[in-house]
Amino acid sequence: MRKFMTLIAATSVALSSAMAAYAQDQNPLPKASDVLVRYGDDIEGWTVYANQTRGDCLIVRQDGPSAVQMGVTANQEVGYLGVFTKEDIGLQNGKTSDIFVSIDGQLFKGVATSTSGELKGGYSGGYILTNDPKFKRAVAKRYKMTVFPETKGAFVVDLKGTYKAMAMGRKCLTQ
Numbered sequence: 013m014r015k016f017m018t019l020i021a022a023t024s025v026a027l028s029s030a031m032a033a034y035a036q037d038q039n040p041l042p043k044a045s046d047v048l049v050r051y052g053d054d055i056e057g058w059t060v061y062a063n064q065t066r067g068d069c070l071i072v073r074q075d076g077p078s079a080v081q082m083g084v085t086a087n088q089e090v091g092y093l094g095v096f097t098k099e100d101i102g103l104q105n106g107k108t109s110d111i112f113v114s115i116d117g118q119l120f121k122g123v124a125t126s127t128s129g130e131l132k133g134g135y136s137g138g139y140i141l142t143n144d145p146k147f148k149r150a151v152a153k154r155y156k157m158t159v160f161p162e163t164k165g166a167f168v169v170d171l172k173g174t175y176k177a178m179a180m181g182r183k184c185l186t187q
């Protein structure tokens, strides 16, 4: 049993290190120069895009001053959740920090890489890399996410329709 627990701990550390290395080397968010094409019809406020430059897909929802973007890394091994706002939340570009997300009262922690000043529409925010099935399930099945960056702002994101949009995003990836 002890060897099994050691193996789990080592795997967890290796996976966390791999995600951290990916975060430092590559930003999973589409670049402004990427060619994004709508895929299908909007689903309950979510738009699915096929990124023709990178060959992946993502889902996007804008809700007032905030926006959410979800997809997978280019190798499709790790998912990402990007959360952005037009509000000044004091982020510095490229800085990594802990970010806490509450989904219907269930708290998740991740490391966010901040992006500010280079996004279209004046958005600032960050992205979380994850392969946690509990997090994925919560995002897909719940309705409200509150983002608490370690800055002066917090904002709420409507998750209505996420399950259907994620299903269409997976379909987009297969084509």
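When the sequence shown is numbered by our numbering, its final residue is 187 and no position is left out of the sequence of numbers. The C-beta atom is built at its ideal place from N, Cα and C for all residues, glycine as well. Quick caveat, the model's predicted, so the values are computed rather than measured.
- Message: Between which two residues does the alpha helix (DSSP H) holding R73 run?
- Response: By 1-based counting over the sequence shown, the position of residue 73 is 61. Element bounds for R73: not the alpha helix (DSSP H) but the beta strand (DSSP E), D68 to D75.
**OP:** Grab me the residues of V72's own chain with a C-beta within less than 6 Å of its C-beta, minus the 5 sequence neighbours each way, in chain order.
**Re:** Within the sequence shown, numbered from 1, the residue matching residue 72 stands at position 60. Closer than 6 Å at Cβ, skipping near neighbours: T59 and Q81.
**Asked** Roughly how many angstroms lie between the CA atoms of N105 and S136, to the nearest whole one?
**Response** Locating residue 105 in the sequence shown gives position 93, where the first residue counts as 1. Locating residue 136 in the sequence shown gives position 124, where the first residue counts as 1. Their backbone Cα atoms lie some 9 Å apart in a straight line.
Checklist line | Member of Y155, D54, F96 and R66 whose CA lies at the smallest distance from the CA of K172 | finding: Translated into positions along the sequence shown, residue 172 becomes position 160. Checking every option, the nearest Cα to that of K172 belongs to Y155.
Which of the three DSSP states is assigned to D154 in this structure? For the purposes of this step, residue 154 is taken as residue 142 along the sequence shown, with counting starting at 1. The question names Asp, yet the displayed sequence has Arg at residue 154. Three-state result, R154: coil.
**Report entry** Among Y61, L141, V151 and K43, the one whose alpha carbon lies nearest that of D110
**Finding:** The residue you call residue 110 lines up with position 98 of the sequence shown. For D110, the nearest C-alpha among the options comes from L141.
*asked:* Excluding the 5 residues flanking K153 on each side, which residues of the same chain have their C-beta closer than 7 Å to its C-beta?
replied: Taking the sequence shown and counting its residues from 1, the one referred to as residue 153 is at position 141. Closer than 7 Å at the Cβ level, and outside the excluded window around K153, lie Y175.
Q) In terms of residue numbering, what span does the alpha helix (DSSP H) encompassing L185 cover? A) Residue mapping note: residue 185 aligns to position 173 of the sequence shown, counting from 1. T174 to L185 is the extent of the alpha helix (DSSP H) around L185.
Own chain, CB closer than 6 Å to E56, minus 5 neighbours either side, in chain order
Here residue 56 refers to the residue found at position 44 when the sequence shown is read from its first residue. So the list reads K172 and G173, once near-sequence residues are dropped.
Review point. Under the rule that 16 or more other beta-carbon atoms within 10 Å means buried, what is A150, buried or exposed?
Key: Sequence index remark: in the sequence shown, residue 150 carries index 138 (1-based). Result: buried.
What's the gap between the Cα of A35 and the Cα of D53? The residue labelled residue 35 in the question sits at position 23 within the sequence shown. The residue labelled residue 53 in the question sits at position 41 within the sequence shown. A caution first: A35 carries a pLDDT of 42, below 50, which makes its placement in the model too unreliable to give a value.
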